[in-house]
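The numbering of the sequence shown is UniProt numbering, which starts it at 1 and goes up by one. In what follows, a single structure is set out as structure tokens and then discussed.
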Amino acid sequence: MLVVVALGGNAFNRPGDPITQETHLKNADIAARIVAKILREGNQVLLTHGNGPQVGYLAELQKGQEGFRLDALVAATQGLLGYFIVSSLDKYVGVGKTVALVTRVKVDCNDPAFENPTKFIGPTYPEEVAKSLAERYGWQFRQDPRGGWRRVVPSPKPLKVVESDVVKVLIERGYIVVAAGGGGVPVCDGAGVEAVIDKDLASAVLAAEVGADLFMILTDVDGVYINFKKPGQRKLASVSVGELEKYYLEGHFPPGSMGPKVEAALYFVKRTGKRAAIGALEEGYEVYKGLSGTQVYA
Numbered sequence: 001m002l003v004v005v006a007l008g009g010n011a012f013n014r015p016g017d018p019i020t021q022e023t024h025l026k027n028a029d030i031a032a033r034i035v036a037k038i039l040r041e042g043n044q045v046l047l048t049h050g051n052g053p054q055v056g057y058l059a060e061l062q063k064g065q066e067g068f069r070l071d072a073l074v075a076a077t078q079g080l081l082g083y084f085i086v087s088s089l090d091k092y093v094g095v096g097k098t099v100a101l102v103t104r105v106k107v108d109c110n111d112p113a114f115e116n117p118t119k120f121i122g123p124t125y126p127e128e129v130a131k132s133l134a135e136r137y138g139w140q141f142r143q144d145p146r147g148g149w150r151r152v153v154p155s156p157k158p159l160k161v162v163e164s165d166v167v168k169v170l171i172e173r174g175y176i177v178v179a180a181g182g183g184g185v186p187v188c189d190g191a192g193v194e195a196v197i198d199k200d201l202a203s204a205v206l207a208a209e210v211g212a213d214l215f216m217i218l219t220d221v222d223g224v225y226i227n228f229k230k231p232g233q234r235k236l237a238s239v240s241v242g243e244l245e246k247y248y249l250e251g252h253f254p255p256g257s258m259g260p261k262v263e264a265a266l267y268f269v270k271r272t273g274k275r276a277a278i279g280a281l282e283e284g285y286e287v288y289k290g291l292s293g294t295q296v297y298a
């Protein structure tokens, strides 16, 4: 069975953690142990990952300077985080069995997202600090549903993963592949663009393109809830794609947090008829087994 495991950017750097190499490696080790357990059952694994905290950190380092655009920063974080994942997996599966691939993703040059930035990157700020940064650097900020204010950038829809055929060849040859990091480098008309693609949506597109049997999103919450943090809150342990889509259209899942994850799960299940799952990183093996998280079925 081919399992696609999408790791959140916070899987490497939890809120409140210092942004250090040691912290990233420690957290990547948690994911590596889960992946190793899945591999030991005879499966193949394709890993993807977010990069919100890391790409935001790199963007902050060059504030006020003519530095690198977001497409280049996404490529940089693909190499950085891919290296951490490969290094962590080496301890459990052996050296030379995992490969990290810098991956591009096609987007529509006329995607309306370029006029309406919604994708959160970087740290959380108090409102007054966010206003000051917006005035100084021309950045746009929105209130994160989880608290505080964060920078937002354009997030166009992923259409196709440019290197999906290469990923398939590597998987067929027995490699564990890390690809579509940070949602992939966004390109239109063959050139990179100033944007960040949602990693869950890009991961779902790649999972469908390579013929995955299971698509699982591991994040910092233990599943999908309706009426989240409201009266009548209820976790969806097992749900059909039709029921989940109904809740999605009713507005239960905010666009800046759970919304893209639900949209990605719907995309994959509707196109493949296979299972998708959303759950906590620490419970990743149980999510894979269908014993934890939210399981989405056709």
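Think of the CB as a built atom: it goes at the ideal place given N, C-alpha and C, for glycine as much as any other residue. Computed from a predicted model, the values in this text were never measured in an experiment.
N-terminal and C-terminal residue of the alpha helix (DSSP H) that residue i is part of
{"i": "Pro117", "result": "Element bounds for Pro117: n/a, residue is neither H nor E."}
{"i": "Lys131", "result": "Glu127 to Tyr137"}
{"i": "Phe68", "result": "Careful: Phe68 lies outside any alpha helix (DSSP H) and carries neither H nor E."}
{"i": "Thr20", "result": "Premise fails: Thr20 is in no alpha helix (DSSP H) and is neither H nor E."}
{"i": "Gln54", "result": "Gly52 to Leu61"}
{"i": "residue 330", "result": "Residue 330 is absent from the model: the chain starts at 1 and stops at 298."}
{"i": "Lys106", "result": "Where Lys106 is concerned, there is no enclosing alpha helix (DSSP H), although the beta strand (DSSP E) it sits in stretches over Arg104 to Lys106."}
{"i": "Val169", "result": "Ser164 to Glu172"}
{"i": "Val287", "result": "Gly284 to Lys289"}
{"i": "Leu206", "result": "Lys199 to Glu209"}
Residue i, buried or exposed, once every other Cβ within 10 Å from all chains shown has been counted against 16
{"i": "Asp71", "result": "buried"}
{"i": "Asp198", "result": "buried"}
{"i": "Thr20", "result": "exposed"}
{"i": "Met1", "result": "exposed"}
{"i": "Lys229", "result": "exposed"}
{"i": "Pro53", "result": "buried"}
{"i": "residue 301", "result": "Any property of residue 301 remains undetermined from this structure, which presents the chain solely from 1 to 298."}
{"i": "Ala264", "result": "buried"}
{"i": "Leu73", "result": "buried"}
{"i": "Lys119", "result": "buried"}
{"i": "Gly273", "result": "exposed"}
{"i": "Arg40", "result": "exposed"}
{"i": "Arg234", "result": "exposed"}
{"i": "Gly67", "result": "exposed"}
{"i": "residue 312", "result": "Residue 312 lies beyond the stretch modelled for the chain, which goes from 1 to 298, so this question has no answer here."}
Host beta strand (DSSP E) of residue i (start-end)
{"i": "Ser238", "result": "Ser238 to Ser240"}
{"i": "Arg146", "result": "It is not in any beta strand (DSSP E) - Arg146 carries neither H nor E in the DSSP assignment."}
{"i": "Pro186", "result": "Val185 to Cys188"}
{"i": "Tyr225", "result": "Val224 to Ile226"}
{"i": "Arg271", "result": "Note, Arg271: premise wrong, no beta strand (DSSP E); alpha helix (DSSP H) at Met258 to Thr272."}
{"i": "Leu47", "result": "Gln44 to His49"}
{"i": "Ala280", "result": "Arg275 to Ala280"}
{"i": "Tyr297", "result": "Thr294 to Tyr297"}
{"i": "Val5", "result": "Leu2 to Leu7"}
{"i": "Leu214", "result": "Leu214 to Thr219"}
{"i": "Val177", "result": "Ile176 to Val178"}
{"i": "Ala100", "result": "Thr98 to Ala100"}
Beta-carbon separation (whole angstroms), residue i vs residue j, contact threshold 8 Å
{"i": "Gly8", "j": "Thr219", "result": "4 Å"}
{"i": "Leu206", "j": "Val161", "result": "5 Å"}
{"i": "Arg275", "j": "Leu214", "result": "5 Å"}
{"i": "Ile278", "j": "Ile217", "result": "5 Å"}
{"i": "Pro158", "j": "Leu201", "result": "5 Å"}
{"i": "Ala195", "j": "Ser164", "result": "The pair is not a contact, with the Cβ atoms about 20 Å apart (cut-off 8 Å)."}
{"i": "Ala280", "j": "Gly293", "result": "7 Å"}
{"i": "Leu81", "j": "Phe12", "result": "6 Å"}
{"i": "Thr124", "j": "Gly147", "result": "7 Å"}
{"i": "Asn69", "j": "Gly192", "result": "Note that residue 69 is Arg in the sequence shown here, rather than Asn. Indeed they touch by this definition, with Cβ atoms about 7 Å apart."}
{"i": "Trp149", "j": "Glu127", "result": "5 Å"}
Sub-9 Å separation of residue i and residue j beta-carbons
{"i": "Asp144", "j": "Ser257", "result": "yes"}
{"i": "Ala28", "j": "Ser87", "result": "yes"}
{"i": "Leu61", "j": "Thr77", "result": "no"}
{"i": "Val153", "j": "Pro112", "result": "no"}
{"i": "Tyr247", "j": "Val262", "result": "yes"}
{"i": "Val4", "j": "Ser203", "result": "yes"}
{"i": "Gln295", "j": "Ala237", "result": "yes"}
{"i": "Asn10", "j": "Gly56", "result": "no"}
{"i": "Arg173", "j": "Lys63", "result": "no"}
{"i": "Ile176", "j": "Val93", "result": "yes"}
{"i": "Val99", "j": "Leu170", "result": "yes"}
{"i": "Ala208", "j": "Tyr267", "result": "yes"}
{"i": "Lys168", "j": "Val221", "result": "no"}
Exercise. If you pair each beta-carbon of the region 102 to 116 with each one of the region 183 to 198, do three or more pairs fall below 8 Å?
Worked result: Yes, the region 102 to 116 is in contact with the region 183 to 198.
Problem set entry | Stretch-stretch touch, CB-based, cutoff 8 Å, three pairs: the region 168 to 181 with the region 35 to 54 | yes
Exercise. Okay, do the region 21 to 34 and the region 278 to 291 touch, 3+ Cβ pairs below 8 Å being the bar?
Worked result: Contact holds: three or more Cβ-Cβ distances are below 8 Å.
Exercise. Within the chosen definition, does the region 128 to 139 reach the region 240 to 255 through at least 3 CB pairs nearer than 8 Å?
Worked result: no
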